[in-house]
Amino acid sequence: MSDWKVFCRLDDIPVLGSRRIARNGSTDVAIFRNGDNKVFALLDRCPHKGGPLSQGIVFGDSVACPLHNWTIGLDDGCAKSPDVGCTQRFSVDVKGSDVLLDVEELTTLALGPTVVPARAALGAETAAAERPAV
Amino acid sequence: MKKMKLVMVGNGMAGVRTLEELLKIAPHLYDIAIFGAEPHPNYNRILLSPVLAGEQTLDEIVLNPLSWYAEHGIKLHLGKKVVDVNRARRVVVAEDGTEESYDRLLIATGSNPFIPPLPGRDLQGVIAFRDIADTNAMIETAKTHKHAVVIGGGLLGLEAANGLVSRGMDVTLVHIAPWLMDRQLDDVAGDLLRKSLELRGMKFRVETHTQELVGGPHGRVTAVKFKDGSETPADLVVIAAGIRPNTQLAEKIGLHCLRGIVVNDTMQTVTDPRIYSVGECAAHRGIAYGLVAPLFEQGKVCATHLAEFGIGRYAGSTTSTKLKVTGIDLFSAGNFMGGADCEEIVMSDPYGGVYKKLVIQDDRLVGACLYGDTVDGSFYFKLLREGRRIGDMRDKLMFGESHLGDAGHQGQNKAAAMADSDEVCGCNGVSKGAICKAIKDKGLFTIEEVRKITKASASCGSCTGLVEQLLMFTAGGDYSAAPRKKAMCACTDASHQEVRETIRAEHLLTIDDVYRRLSWRTPNGCASCRPAVNYYLISTWPKQAKDDPQSHFINERSHANIQKDGTYSVVPRMWGGTTNSSELRRIADTIDKFKIPTVKVTGGQRIDLLGVKKEDLPAVWQSLGMPSGHAYGKTLRTVKTCVGSEWCRFGTQDSTRLGIDLERALWRMYAPHKVKLAVSGCPRNCAESGIKDVGIIGVDSGWEVYVAGNAGIKTEVAQFFVKLKTAEEVLEYAGAFLQLYREEGWYLERTVHYVARVGLDYCKARVLDDAANRKALWERLQFSLDGEPDPWFEFEKAGVDARQFQPLGVI
Numbered sequence: 628m629s630d631w632k633v634f635c636r637l638d639d640i641p642v643l644g645s646r647r648i649a650r651n652g653s654t655d656v657a658i659f660r661n662g663d664n665k666v667f668a669l670l671d672r673c674p675h676k677g678g679p680l681s682q683g684i685v686f687g688d689s690v691a692c693p694l695h696n697w698t699i700g701l702d703d704g705c706a707k708s709p710d711v712g713c714t715q716r717f718s719v720d721v722k723g724s725d726v727l728l729d730v731e732e733l734t735t736l737a738l739g740p741t742v743v744p745a746r747a748a749l750g751a752e753t754a755a756a757e758r759p760a761v
Numbered sequence: 004m005k006k007m008k009l010v011m012v013g014n015g016m017a018g019v020r021t022l023e024e025l026l027k028i029a030p031h032l033y034d035i036a037i038f039g040a041e042p043h044p045n046y047n048r049i050l051l052s053p054v055l056a057g058e059q060t061l062d063e064i065v066l067n068p069l070s071w072y073a074e075h076g077i078k079l080h081l082g083k084k085v086v087d088v089n090r091a092r093r094v095v096v097a098e099d100g101t102e103e104s105y106d107r108l109l110i111a112t113g114s115n116p117f118i119p120p121l122p123g124r125d126l127q128g129v130i131a132f133r134d135i136a137d138t139n140a141m142i143e144t145a146k147t148h149k150h151a152v153v154i155g156g157g158l159l160g161l162e163a164a165n166g167l168v169s170r171g172m173d174v175t176l177v178h179i180a181p182w183l184m185d186r187q188l189d190d191v192a193g194d195l196l197r198k199s200l201e202l203r204g205m206k207f208r209v210e211t212h213t214q215e216l217v218g219g220p221h222g223r224v225t226a227v228k229f230k231d232g233s234e235t236p237a238d239l240v241v242i243a244a245g246i247r248p249n250t251q252l253a254e255k256i257g258l259h260c261l262r263g264i265v266v267n268d269t270m271q272t273v274t275d276p277r278i279y280s281v282g283e284c285a286a287h288r289g290i291a292y293g294l295v296a297p298l299f300e301q302g303k304v305c306a307t308h309l310a311e312f313g314i315g316r317y318a319g320s321t322t323s324t325k326l327k328v329t330g331i332d333l334f335s336a337g338n339f340m341g342g343a344d345c346e347e348i349v350m351s352d353p354y355g356g357v358y359k360k361l362v363i364q365d366d367r368l369v370g371a372c373l374y375g376d377t378v379d380g381s382f383y384f385k386l387l388r389e390g391r392r393i394g395d396m397r398d399k400l401m402f403g404e405s406h407l408g409d410a411g412h413q414g415q416n417k418a419a420a421m422a423d424s425d426e427v428c429g430c431n432g433v434s435k436g437a438i439c440k441a442i443k444d445k446g447l448f449t450i451e452e453v454r455k456i457t458k459a460s461a462s463c464g465s466c467t468g469l470v471e472q473l474l475m476f477t478a479g480g481d482y483s484a485a486p487r488k489k490a491m492c493a494c495t496d497a498s499h500q501e502v503r504e505t506i507r508a509e510h511l512l513t514i515d516d517v518y519r520r521l522s523w524r525t526p527n528g529c530a531s532c533r534p535a536v537n538y539y540l541i542s543t544w545p546k547q548a549k550d551d552p553q554s555h556f557i558n559e560r561s562h563a564n565i566q567k568d569g570t571y572s573v574v575p576r577m578w579g580g581t582t583n584s585s586e587l588r589r590i591a592d593t594i595d596k597f598k599i600p601t602v603k604v605t606g607g608q609r610i611d612l613l614g615v616k617k618e619d620l621p622a623v624w625q626s627l628g629m630p631s632g633h634a635y636g637k638t639l640r641t642v643k644t645c646v647g648s649e650w651c652r653f654g655t656q657d658s659t660r661l662g663i664d665l666e667r668a669l670w671r672m673y674a675p676h677k678v679k680l681a682v683s684g685c686p687r688n689c690a691e692s693g694i695k696d697v698g699i700i701g702v703d704s705g706w707e708v709y710v711a712g713n714a715g716i717k718t719e720v721a722q723f724f725v726k727l728k729t730a731e732e733v734l735e736y737a738g739a740f741l742q743l744y745r746e747e748g749w750y751l752e753r754t755v756h757y758v759a760r761v762g763l764d765y766c767k768a769r770v771l772d773d774a775a776n777r778k779a780l781w782e783r784l785q786f787s788l789d790g791e792p793d794p795w796f797e798f799e800k801a802g803v804d805a806r807q808f809q810p811l812g813v814i
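These protein sequence lines are chains A and B, in that order. Our numbering numbers the first residue of the first sequence as 628 and each following residue consecutively. Our numbering numbers the first residue of the second sequence as 4 and each following residue consecutively.
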């Protein structure tokens, strides 16, 4: 069952820019607005190394991932050749100036957090170890 | 709608490449038919030499198998030579009577070997070296016969001779000129080449004219007779006396031909607008090219016009030469012979088998001839093409570009000596084997293609020379022939320089104006050109052109550095690397309050807080209460200082003070790329001024200023710029140099590359010799920076979109 909900107005998204919808415990969903005022929604995770696509540069019908500059199609969520891979896309509807997404999709598709290769928490450990006992 | 018909005459590399480009951009526009005189699908003609030498097989050099033609619905007429075209009825006619009608005709008939009018040229056993049939004939003859003579000591003749030697034949190479490859090499290099080939068992007769080819009773060649009366036995004669554009058909059907089929910049024949021509048969601006890269460039341009996009012009290429004989490294380009008004720099080590000659004219490199060590070939080729002055690097020129600080590939400079598992590209972890496989499997020919597909040499670029060598060995492609002008990106044909100049000359103020004026192909550019154009606008017209936040990379939009997990790092500014207890206390409190996981001291004497969530950025900045460190931008980053005369027992000048003054004067300065400064208080140089964009070293009598150093990918020592007396002068001179770079540098070009491009002497002339210009530059910089906001605290003025820090909603 679709469950369309207004999340923002078109003007809340910058032209050639993006906003995010936070999902509790799961990766955000990025909402993009391109130069023709078309609106797209993708899982905020590049198929390459999980970079947040919402932070990329939007051009034409694409966004360039901020981490390693893969180009992802906004329409289908797929990487442009020669790179390969797709991220989840979400349905969007623009009614007048309202931007709607399907809550059903948001709560069922591509759940779970983005897993980035573990970063050794060096600084934190050292700091904790060196902190004098109170 | 009925499809148009495209017929191609010739089934070779340039033509098929043109169709590939066409199918990429307009897959359904045409019904395509191809006539090929040879009975084979398109193969890599350049690799016939390795096939002859037994290093590759015929199967391996096929570029487009028959299945490719079928997949794209191309009608293929193999083994059918086209004998006529009726231009009025638009019909192509083959020898066997096959006809195809066309709306567009592409003539890609390549070239024919030139056979001099020698008596006996029609004897059996006399062949050229041009196609698979010739190659097979040589391979077969080598099995049953002993003596071979190759006539012509150019590239092709040498490759043929080398192949026949490795197939066990006794080979004599006959050459008219006094030394081998006289069109590509000077006498010294030519003789070195001859000696090393003699060691392989090849025999030579230079300065020798052939009189006739002598036949035996069965009509087969038995000997070659020379003009001096001598003779040498021959069961096989390979004539490699050069090639001529194959214009037979074109001339017959009345197309204008002059050293090739004459075409314009869109590869359209000048005679018939329905007929195009690419490849070795086409004469563009008087030149018929014989190398792969320019021909593919032509193919690309031609494809856009066949696709009716009406964009793209071919402007010619500069070419260089390499020999495809395994184990022999040889490179030449330009006027390598020199002449009356030329100077030469020569390095000769005949025992080590290395010879390098650089030819200089009017302070510019005009020719290069390298034998034995060609790793710097592409560097010289670049200098040659760009025609920049070399006076300031003359003393180092012979040692090439890669003499210092190349990292990431274990100091290797001979790709052939590397194992398949050896890493070539240290940035992206690409091995030699992976690169060679991609070149073979995907049919890559240019360095750009290899970069795109494998990512090798796509990041720092220091392994470019190695990747080029691999291309050479694997595909035989002449990657180094480059278009004279490099477009900014695929969105446009305009170069960085043209965009800069147009913005200034026509007072353009918005990105859209630029795109419209220069006919951009895309509505809002791409992630590569838009930031560049935006920078050119705001640096050319400060206070007039409006900065576009959406044309900045994320780091410059969020004013922090994005990390691999999507969090950010924050670096507050510490003037000249100095701080105090209250700043440190605030930093410590911020770390605790926002649970910042990693704290790191940077190479630029700052403190880096890593792992900050995007939502927390504004609050972290408020909590720190320190100015933005701009560690995230193409901006002035840091001014690194030593403690200087205030504390140091060796210090001669107050380097900390000057460093702070410089940083206060220059902070918030956007530039083509990041800018790093350092000030040392004495020649011990503890602040490492020698590897900075502007490095200053205090001496007893004042300050020495160095510019264009770099510590990154390529370690480059900064060059001495000027000696000054006072700190005020240092500000003015350093500021003027940086403003020159800001106004003229190409986006993402560091000072080291900018100065390498324009020449240090040019910078000196603009900044040192011309006092009025220096003052004007310094004033323009101050005008640009005056009133610039701190983006961490003045969101509105700095164009920071605060909405980015908050999600639209939470589900």
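Virtual Cβ for every residue (Gly too), placed ideally from N, Cα, C. The model shown is predicted, which means the values in this text are computed figures rather than measured ones.
Beta-carbon separation of residue i and residue j under 8 Å?
{"i": "Ser335 of chain B", "j": "Gln187 of chain B", "result": "yes"}
{"i": "Val427 of chain B", "j": "Ala459 of chain B", "result": "yes"}
{"i": "Arg277 of chain B", "j": "Arg93 of chain B", "result": "yes"}
{"i": "Ser572 of chain B", "j": "Leu627 of chain B", "result": "no"}
{"i": "Ala131 of chain B", "j": "Pro116 of chain B", "result": "yes"}
{"i": "Lys84 of chain B", "j": "Ala56 of chain B", "result": "no"}
{"i": "Leu216 of chain B", "j": "Leu79 of chain B", "result": "no"}
{"i": "Leu22 of chain B", "j": "Met11 of chain B", "result": "yes"}
{"i": "Ala548 of chain B", "j": "Leu512 of chain B", "result": "yes"}
{"i": "Val574 of chain B", "j": "Ala622 of chain B", "result": "no"}
Closest by CA to residue i, which one among the options?
{"i": "Thr138 of chain B", "options": "B:Ala478, B:Asp568, B:Met577 and B:Arg48", "result": "B:Arg48"}
{"i": "Leu734 of chain B", "options": "B:Lys778, B:Val761 and B:His148", "result": "B:Lys778"}
{"i": "Gly606 of chain B", "options": "B:Ser531, B:Thr659, B:Ala714 and B:Met672", "result": "B:Ala714"}
{"i": "Ala668 of chain A", "options": "A:Gly644, A:Lys676 and A:Gly652", "result": "A:Gly644"}
{"i": "Gly812 of chain B", "options": "A:Val730, A:Ala737, A:Pro674 and A:Asp720", "result": "A:Val730"}
{"i": "Val273 of chain B", "options": "B:Thr543, B:Leu258, B:Thr211 and B:Ala73", "result": "B:Leu258"}
{"i": "Gln722 of chain B", "options": "B:Glu732, B:Asp764 and B:Ala690", "result": "B:Asp764"}
{"i": "Ala17 of chain B", "options": "B:Cys284, B:Gly738 and B:Ser561", "result": "B:Cys284"}
{"i": "Ala91 of chain B", "options": "B:Arg107, B:Val191 and B:Ile77", "result": "B:Arg107"}
Could you check how far apart the C-beta atoms of residue i and residue j are, in whole angstroms? I think they sit under 8 Å.
{"i": "Asp700 of chain A", "j": "Ala691 of chain A", "result": "Sequence inspection shows Gly at residue 700 of chain A; the Asp mentioned does not correspond to that position. Not quite, the Cβ-Cβ distance comes to about 11 Å (not below 8 Å), so this is no contact."}
{"i": "Val670 of chain B", "j": "Arg576 of chain B", "result": "Here residue 670 of chain B turns out to be Trp, not Val, going by the sequence shown. Contact flag correct, Cβ pair sits at about 7 Å."}
{"i": "Leu705 of chain B", "j": "Gly693 of chain B", "result": "Strictly speaking, residue 705 of chain B in this sequence is Gly, with Leu absent from that position. That belief does not hold up - the Cβ atoms of Gly705 of chain B and Gly693 of chain B are roughly 18 Å apart, past 8 Å."}
Taking Cβ-Cβ distances shorter than 7 Å, what residues in chain B pair up with residue i?
{"i": "Pro776 of chain A", "result": "A query on residue 776 of chain A cannot be resolved here, the shown segment of chain A reaching from 628 to 761 and no further."}
{"i": "Leu733 of chain A", "result": "Ile814"}
{"i": "Ala691 of chain A", "result": "Ala530"}
Have a look at the DSSP bridge pairing and note the partners of residue i.
{"i": "Gly698 of chain B", "result": "B:Ala681 and B:Tyr709"}
{"i": "Trp781 of chain B", "result": "Trp781 of chain B is not bridged to any residue."}
{"i": "Lys78 of chain B", "result": "B:Ala36"}
{"i": "Arg572 of chain B", "result": "Contrary to the premise, residue 572 of chain B reads as Ser rather than Arg in this sequence. Answer is B:Asn564 and B:Leu613."}
{"i": "Ala111 of chain B", "result": "DSSP output for Ala111 of chain B lists no bridge partner at all."}
{"i": "Ser639 of chain B", "result": "Before going further, note that residue 639 of chain B is Leu rather than Ser in the sequence given. DSSP lists B:Val678 as partners of Leu639 of chain B."}
Along chain A, in chain order, which residues have C-beta atoms closer than 8 Å to that of residue i?
{"i": "Lys440 of chain B", "result": "Those within 8 Å of Lys440 of chain B in chain A number zero; the least Cβ separation is about 14 Å."}
{"i": "Lys455 of chain B", "result": "Pro709"}
{"i": "Phe893 of chain B", "result": "Any property of residue 893 of chain B remains undetermined from this structure, which presents chain B solely from 4 to 814."}
Closer than 7 Å by beta-carbon distance: list the chain A residues that pair up with residue i, in chain order.
{"i": "Gly464 of chain B", "result": "In chain order: nothing, as chain A lies at least about 15 Å away."}
{"i": "Gly712 of chain B", "result": "Within chain A, no residue comes near Gly712 of chain B; the closest Cβ sits about 27 Å away, beyond 7 Å."}
For chain E, check one thing: does any of its Cβ atoms lie closer than 8 Å to the Cβ of residue i?
{"i": "Asn527 of chain B", "result": "Chain labels in this structure do not include chain E; the protein chains are A and B."}
Since residue i meets chain B, which of its residues come closer than 9 Å, beta carbon to beta carbon?
{"i": "Ile658 of chain A", "result": "Leu811"}
Along chain B, which residues have their Cβ under 8 Å away from the Cβ of residue i?
{"i": "Phe634 of chain A", "result": "Leu811 and Gly812"}
{"i": "Ile815 of chain A", "result": "Residue 815 of chain A lies beyond the stretch modelled for chain A, which goes from 628 to 761, so this question has no answer here."}
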